[in-house]
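Residue numbers (this note's numbering), protein chains in the order written: chain E, -13 to 428; chain D, -13 to 428.
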């Protein structure tokens, strides 16, 4: 037998989650799932591996480069999914006749992209998507925003901004300057605003789109419009844009209708703000689009983005299915919640550790632990009869609130000694009911 | 643009989960997680992809053949995990100094094996493992059995049998016949009992181990011993085996000690039964081992198996870390629960569908839906103002208990019409509180 040791290491660009973080993630998943379910979204699951041709057609060139693609045992050309949207499109077309439309689904799972390693970016990460497919109604758009709002609230986040735009506003602005065909290249330049500054963007627009400096300036002015007042005032301020053209009018009209739905709800409408520079997935979205930033942690970027798309299943079917949805980047959100100290990091969910001084007392200890669990107090038994100092050290390290010690005297008299791990106070040889009361009253 | 449609299809040997089944799985995961947490197990996460050398060393030849292994973008030799145990060993060694020992972890995630396609077997499946690492105490063995019992109970399963054995009993039997070195090959033959029958097994043992027919017969007789009486009687019946040799004595002694711990607990001790033919993972387990079958559905095989192992991390570290754990095969369990009709298959978790007859009423409908959710009644708004027949059809198909209709009159008087989808009875134009009461009282 080969006795050489293998160096234990995670694959480059991948990471483990230790218990505290894994539990925090599981509880986030539970909380957002509960929100999704309460709005009528149901979960689905698709495999991590797909035929490569399913994934490749819709992906951008960059995605293709980052795809984990290989030949399987049957020499099939396969790849790990890089997002949850392409598998959704495949799923919907394949199971079209088993699904009830409009179809509301959520999915929480891992996707893989062989990106260049960067701090805080991993090649496997968790996406949490929810989509509303098969209806063009603004009612869906409003609901998706409501779900974003409720999900973040459920995680204890209050101070965030959902930046909202409509692709028709961008299309309309470019059309106004006779640049119908230059929307994508124009937006790609405007996207660099944060990086290269306004002057450079204007110069580049001028050069690339072959327009005057004045036009470039005016385009930038329009695209940089952000809502700063109440939405009803804002729509009055920019009402003049409706006269620019029909496309702009339609985009503004949609936004206004959606805001009036949202305004009636219990969400804080001031956290929804219109921002004409939000573009998102250039080729993909066709209607309302949004990004969500945390007010106290803007630097991490958007934690939840999405929008309306026109034809989800076009690669697979001639039936046109439009929809609207959003995606929460769970890894980024976990990092943010950690930084904002909104994440409960627990070493254990168990409150009481049972400690025995003699192996012969294990049966009794397990019986007590079980009785505690039946009384809704999570409990566990330290598995070895070692020096009490060692077992108490375990309780301290993991964060148990109480230790219950079963020594010789306790075992003989069928009593328990209860130690409060925070105060250090120990109550000697009490009955089970007394011990339970002590734990419950803390 | 290429307009050829791609045929939507899942990869051969892989499957999607539709909403009903995906929700059922999510609720199983939630229930068993709650059990694991209440016993002090915490979740961890490891990547789906690992360096191939991490996975390959411990895997059997068969596993190597089934491994999804390829070169990544950085020409690294990588593979998808085929179980959760090898990644656990890697994880523990790598994070040794960040972990508190003994270490109790659970993990619920997918593993990949390129097996030959068979009915009901998939190449990607979900394993749910829980392990107790870093203690040799029988207290851990007892707790793992208790967790199996509690998990299955939490899923509504009552009638199951946990078949328990000890590797030292098998080792001791073979040692008794002077066959110390033939345990593995002997067990491999005995494993065929169900397939080829007792006669053939005896013949094969005789031939392969080069022993007399009498010896082969006696080995079979011993290995086929199953507990049929109360465990205390059973241990009396087979007490003579303790005199065979020290190994057998030790195995029986461990089982007896563990049963006496279990007997004091609230689990039904009659569901734990000793069965000398249980071997499990020949090279891997070293102590108590078990398999769990459903009494009403034996044919599907073991839904939860595990045991004690001596040296989990031997590929990665010189430190000896023993442990005990079990693995629930979630896919098999879901199939079983479906067959036993113990699985709640729901089209939606939402009880009330809000229906509007005019787009202008959406804001009002969303407000009502929100008020219902705040009163702990899950509700959703049908997103299109279409013919009522169509929206009611959606409610029927998805299984909403009530539809609340907002037509012209309802909107003008700010009232609601509530239709019970089961009885068909409709209450016209009532207040929100009245509607809430109707829904709550049903």
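Just so you know, even glycine gets a beta-carbon here, dropped at the ideal spot from N, CA and C.
- Spanning the alpha carbons of residue 69 of chain D and residue 184 of chain D requires a straight line of approximately 33 Å.
- Think of a sphere of 7 Å around the beta carbon of residue 324 of chain E: no beta carbon from chain D falls inside it, the nearest being about 15 Å out.
- For the segment 21 to 39 of chain D, the set of residues with a beta-carbon nearer than 9 Å to any beta-carbon of chain E comprises 23, 24, 25, 26, 27, 28, 29, 30, 31, 32, 33, 34, 35, 36, 37, 39, in chain order.
- Where residue 427 of chain D is concerned, the enclosing alpha helix (DSSP H) starts and stops at 418 to 427.
- Sequence-distant Cβ neighbours of residue 179 of chain E in its own chain, meaning closer than 6 Å and more than five residues away, are 187.
- Residue 174 of chain E sits in a helix when the DSSP states are folded into three classes.
- Between the segment 362 to 371 of chain E and the segment 341 to 349 of chain E there are three or more inter-stretch CB-CB distances shorter than 8 Å, so the stretches are counted as touching.
- At a cut-off of 7 Å between C-beta atoms, residue 9 of chain E counts as an interface residue with respect to chain D.
- Contact between residue 117 of chain E and residue 233 of chain E is absent: CB atoms are separated by about 25 Å, not below the 8 Å threshold.
- Among the CB atoms of chain E, one or more fall inside 7 Å of the CB of residue 359 of chain D.
- Under the DSSP assignment, residue 19 of chain D falls in the alpha helix (DSSP H) whose first and last residues are 5 to 24.
- In this structure, DSSP gives residue 389 of chain D an extended state, which the three-state scheme calls strand.
- Under the three-state reduction of DSSP, residue 278 of chain E is assigned to strand.
- Contact between residue 203 of chain E and residue -5 of chain D does not hold, since the beta-carbon distance rounds to 52 Å and is not under 8 Å.
- About 5 Å separates the CB atoms of residue 136 of chain D and residue 21 of chain D; that is less than 8 Å, so the two are in contact.
- Close CB contacts of residue 248 of chain E within its chain, under the 8 Å cut and outside five residues either way in sequence, are with 128, 131, 132, 255, 258 (chain order).
- Check the Cα spacing between residue 52 of chain E and each of E:110, E:18, E:229: the tightest is with E:110.
- Under the Cβ criterion of 7 Å, residue 3 of chain D is counted among the residues facing chain E.
- Of all alpha-carbon atoms in E:373, E:49, E:148, E:396, the one lying nearest the alpha-carbon of residue 275 of chain E is that of E:148.
- Here DSSP, grouped into helix, strand and coil, assigns residue 237 of chain D to helix.
- In the structure shown, the three-state DSSP call for residue 79 of chain E is helix.
- DSSP lists no beta-bridge partner residue for residue 273 of chain D.
- With a cutoff of 7 Å on beta-carbon distance, residue 415 of chain E and residue 396 of chain E are scored as near each other.
- In the structure shown, the three-state DSSP call for residue 70 of chain D is coil.
- The Cβ atoms of residue 342 of chain E and residue 371 of chain E sit closer than 7 Å to each other.
- The beta carbon of residue 257 of chain E sits no closer than 7 Å to any beta carbon of chain D.
- Under DSSP, residue 107 of chain D forms a beta bridge with D:104.
- Residue 126 of chain E belongs to the set of residues whose beta carbon lies under 7 Å from a beta carbon in chain D.
- The residue among E:356, E:86, E:34, E:380 with its C-alpha nearest the C-alpha of residue 0 of chain D is E:34.
- DSSP places residue 113 of chain D within a strand segment (E or B) once states are collapsed to three.
- Interface with chain E (7 Å Cβ-Cβ cutoff): residue 59 of chain D is included.
- Residue 394 of chain D sits in a helix when the DSSP states are folded into three classes.
- Counting of Cβ neighbours within 10 angstroms places residue 213 of chain E among the buried residues, the total reaching 16 or more.
- Around the beta carbon of residue 87 of chain E, fewer than 16 other beta carbons sit within 10 angstroms, so the residue counts as exposed.
- Neighbours of residue 186 of chain E in chain D, taken as residues whose beta carbon is under 7 Å from its own, are absent, since the nearest beta carbon is some 32 Å off.
- Using a CB distance below 9 Å, the part of the segment 315 to 341 of chain D facing chain E consists of 332, 333, 334, 335, 336, 339, ordered along the chain.
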